[in-house]
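Enquirer: Questions regarding the structure given below will be posed in turn.
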Amino acid sequence: MIEIKKDTYWVGAIDWELRNFHGYSTPTGSTYNAYLIVDEKPTLIDTVKDYGFEEMASRIKAIIDPLKIQYIISNHTEMDHSGSIEKMLQLCPNAEIVCSPNGEKGLKRHFKKDWKFKVVNTGDELKIGSRTLKFFLMPMVHWPDSMATYSTDDEILFPNDAFGQHHASAERYAAEVGEDIVFEAAAKYYANIVMPYGAQVLKVLEALKTLKLEMICPSHGLIWKKEENIKQILTLYKKWASYESDKRAVIIYDTMWHSTEKIAFELSELLDKENIPVVRFNLQNADYSDAITEVMRSKVVLLGSAILNNRILPSMGGFLTYLKGLKPKNRFALSFGSYGWSKVGFKDLEEGLKEAGMQLIGDGSYMQFVPDESEIEGLKSTVSKIKELISG
Ligand code: FEO
1112 MIEIKKDTYW VGAIDWELRN FHGYSTPTGS TYNAYLIVDE KPTLIDTVKD
1162 YGFEEMASRI KAIIDPLKIQ YIISNHTEMD HSGSIEKMLQ LCPNAEIVCS
1212 PNGEKGLKRH FKKDWKFKVV NTGDELKIGS RTLKFFLMPM VHWPDSMATY
1262 STDDEILFPN DAFGQHHASA ERYAAEVGED IVFEAAAKYY ANIVMPYGAQ
1312 VLKVLEALKT LKLEMICPSH GLIWKKEENI KQILTLYKKW ASYESDKRAV
1362 IIYDTMWHST EKIAFELSEL LDKENIPVVR FNLQNADYSD AITEVMRSKV
1412 VLLGSAILNN RILPSMGGFL TYLKGLKPKN RFALSFGSYG WSKVGFKDLE
1462 EGLKEAGMQL IGDGSYMQFV PDESEIEGLK STVSKIKELI SG
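Heads up, my numbering is the position in the sequence shown plus 1111, with the first residue counted as 1.
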């Protein structure tokens, strides 16, 4: 039984085995956080993935008879949070489902059931006894249905995916796990789940300014409780939502016969000599979700590919698709690579970077078959340009 504040409990499920969340690598697993508020009208805030239902139900049963639950708040339709609603309703058939207007539509599409819905909008309040809950719609953070629930008396925000992290642990609070680990997990989460919706996140942050926050209880990972952690995650969200970056570079590439790799290594060494922090990923063994986290941090993104059948390598094609969806703004980009007899395939790389919203740093660095000394030498001027852009 984990009571996070008097009569408010964490009743979620820990997914220790999860290693891949639709393409997002989760090396420790994740959690689906549900919360139970025991008041005159006991209220469950979110549920868990369907296979976590028994775990959640047993946690609830250790606190109250689930039949007493009057409201199930669905802050977000996605099935990692709403996947157990149907099973839960078998334990509390009279409960109403509280959700946003788009939440109702989404839940009906998923479950094909006409449950008792209580649709709420921003500013609406729900008295559950001595406590009042208030709702904030958060469209596109990160689905049209997303909303946050605020427990006004306890000053606890339940913002669902926002401020979350895919991290499984026995602890429940960020400060208990090690803040570096949790903030890194939060950065990866933002980069892979929330990044396209910066404008919407800024609106949410503006709305949250009016609230006193004793705790932020997201639907994944650890709870933000320590005052400075709450301040820091809000500051980071503002930075990320504003598409700010750090003075660093990331190199992401794939290679056939080591020539593109040679260019990648050379660029890496030259950036290093200029004291520009640089991180390198080879897509043959790197994970897209880790690479994209570095893209979010970096002012300059360097993408390299060999050419195969007049096209960039499939791994880079896949990465570009991912990048175009996540659209990191305000970044400079350089394309590079080795080709055999035609450079036409690099168009895919250049167009992809532009479509992802990046500004290209001049022409790409393309070298036939095996780079020679003079071509490698030429990378120095490219890196000088990068240095100027990073310092500017
Ligand atoms: Fe954690 Fe959008 O679901």
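C-beta atoms are modelled at their ideal positions from N, C-alpha and C, and glycine is treated no differently.
Within this structure, are the beta carbons of Cys1210 and Leu1218 separated by less than 8 angstroms?
Expert: Note that the C-beta distance between Cys1210 and Leu1218 is below 8 angstroms.
Enquirer: Could you tell me whether any Cβ in chain C is nearer than 8 angstroms to the Cβ of Ser1400?
Expert: Reference to chain C is not applicable here, since this structure consists of a single protein chain.
Enquirer: Using a Cβ-based criterion (distance less than 7 angstroms to any ligand heavy atom), does Glu1151 qualify as near ligand 1?
Expert: no
Enquirer: Considering only C-alpha positions, which residue in the set Asn1420, Phe1457 and Ile1501 is nearest to Arg1442?
Expert: Considering only Asn1420, Phe1457 and Ile1501, the residue with the shortest C-alpha distance to Arg1442 is Ile1501.
Enquirer: Does the distance from the CB of Ile1196 to the CB of Val1122 come in under 8 angstroms?
Expert: no
Enquirer: Given that a residue counts as buried once 16 or more other Cβ atoms are within 10 Å of its Cβ, and exposed if not, what is Val1455?
Expert: exposed
Enquirer: In chain order, what residues of the same chain lie with their CB nearer than 8 angstroms to the CB of Gly1473, ignoring the 5 residues before and after it?
Expert: Leu1445, Thr1493 and Lys1496
Enquirer: Should Lys1299 go down as buried or exposed, given a rule of 16 or more other Cβ atoms within 10 Å for buried?
Expert: buried
Enquirer: Assign Pro1270 to one of three DSSP states: helix, strand, or coil.
Expert: strand
Enquirer: Please return the same chain residues whose Cβ sits closer than 6 angstroms to the Cβ of Asn1144, not counting the five positions on each side in sequence.
Expert: Gly1123 and Ser1330
Enquirer: Let me check understanding here. Comparing Cα to Cα, which of Ala1273, Gly1240 and Leu1248 lies closest to Asp1264?
Expert: Gly1240
Enquirer: In terms of DSSP beta bridges, what is Thr1119 paired with?
Expert: Lys1116 and Ile1148
Enquirer: Can you tell which of Ser1280, Ser1185, Thr1243 and Gly1275 has its C-alpha closest to the C-alpha of Ser1262?
Expert: Between Ser1262 and the set Ser1280, Ser1185, Thr1243 and Gly1275, the nearest pair of CA atoms involves Thr1243.
Enquirer: For Ile1363, report the span of its beta strand (DSSP E) as first-last.
Expert: Taken as a continuous stretch (DSSP letters only), the beta strand (DSSP E) holding Ile1363 covers Asp1357 to Asp1365.
Enquirer: To the nearest angstrom, report how far apart Pro1388 and Val1293 are at their CA atoms.
Expert: 22 angstroms
Enquirer: Take Val1305 and list the residues in its own chain whose beta-carbon comes closer than 6 angstroms to its own, dropping the five residues that flank it on each side.
Expert: His1253
Enquirer: Along the chain, where does the beta strand (DSSP E) that runs through Glu1236 open and close?
Expert: That run of the beta strand (DSSP E) goes Glu1236 to Lys1238.
Enquirer: Taking the beta carbon of Asp1111 as the centre, do at least 16 other beta carbons fall within 10 Å, making it buried, or is it exposed?
Expert: Shown here, the chain extends from 1112 to 1503; a query on residue 1111 therefore has no answer.
Enquirer: Compute every distance between the C-beta of Ser1330 and the non-hydrogen atoms of ligand 1, then say whether any falls below 7 angstroms.
Expert: yes
Enquirer: Specify, as a first and last residue, the run of the alpha helix (DSSP H) that Met1258 falls within.
Expert: Premise fails: Met1258 lies in the beta strand (DSSP E), Met1258 to Ser1262, not in any alpha helix (DSSP H).
Enquirer: What whole-angstrom Cβ distance do Ile1363 and Ala1297 have, given they're in contact under 8 angstroms?
Expert: No, Ile1363 and Ala1297 are not in contact; Cβ-Cβ is about 22 angstroms, not under 8 angstroms.
Enquirer: Just checking Val1191 against ligand 1 - is the residue's beta carbon closer than 7 angstroms to any of the ligand's heavy atoms?
Expert: Here the sequence assigns Asp to residue 1191, which means Val is not the residue at that position. For Asp1191, the CB falls within less than 7 angstroms of some heavy atom of ligand 1.
Enquirer: Looking only at C-alpha atoms, which of Ile1418, Ser1485 and Gln1311 sits nearest to Ser1353?
Expert: Gln1311
Enquirer: So does Trp1121 have its beta carbon nearer than 7 angstroms to some heavy atom of ligand 1?
Expert: no
Enquirer: At the level of alpha carbons, what is the spacing between Asn1420 and Lys1458?
Expert: 13 angstroms
Enquirer: Roughly how many angstroms lie between the CA atoms of Leu1319 and Thr1158, to the nearest whole one?
Expert: 23 angstroms
Enquirer: Can you name the start and end residues of the beta strand (DSSP E) that Arg1391 belongs to?
Expert: Val1389 to Asn1393
Enquirer: Take Ser1485 as the anchor and find which of Glu1377, Ala1206, Thr1139 and Asn1205 has the nearest alpha-carbon.
Expert: Nearest of Glu1377, Ala1206, Thr1139 and Asn1205 to Ser1485, Cα basis: Glu1377.
Enquirer: Could you name each continuous alpha helix (DSSP H) segment of 4 residues or more that falls completely within the stretch 1282-1329, going from the start of the chain to the end?
Expert: You should have 1285-1288, 1290-1300 and 1309-1319.
Enquirer: Using only the alpha-carbon positions, how far apart do Gly1275 and Glu1128 sit?
Expert: 18 angstroms
Enquirer: If Ala1285 sits next to Ala1273, beta carbons under 8 angstroms apart, how far is it from one beta carbon to the other, in whole angstroms?
Expert: The pair is not a contact, with the Cβ atoms about 15 angstroms apart (cut-off 8 angstroms).
Enquirer: Applying the 10 Å Cβ sphere with the 16-neighbour rule, what's the burial state of Glu1466?
Expert: exposed
Enquirer: Nearest by alpha-carbon distance to Ile1180: which of Pro1153, Thr1188 and Gly1163 is it?
Expert: Checked all of Pro1153, Thr1188 and Gly1163; the closest Cα to Ile1180 is Pro1153.
Enquirer: Under the assumption that Ser1141 contacts Asp1126 (Cβ atoms under 8 angstroms), give the Cβ distance between them as a whole number of angstroms.
Expert: 5 angstroms
Enquirer: Taking the beta strand (DSSP E) that Gly1415 belongs to, which residues open and close that run?
Expert: Ser1409 to Ser1416
Enquirer: On the three-state DSSP scale, how would you describe Leu1445?
Expert: In the structure shown, Leu1445 falls within a strand segment according to DSSP collapsed to helix, strand and coil.
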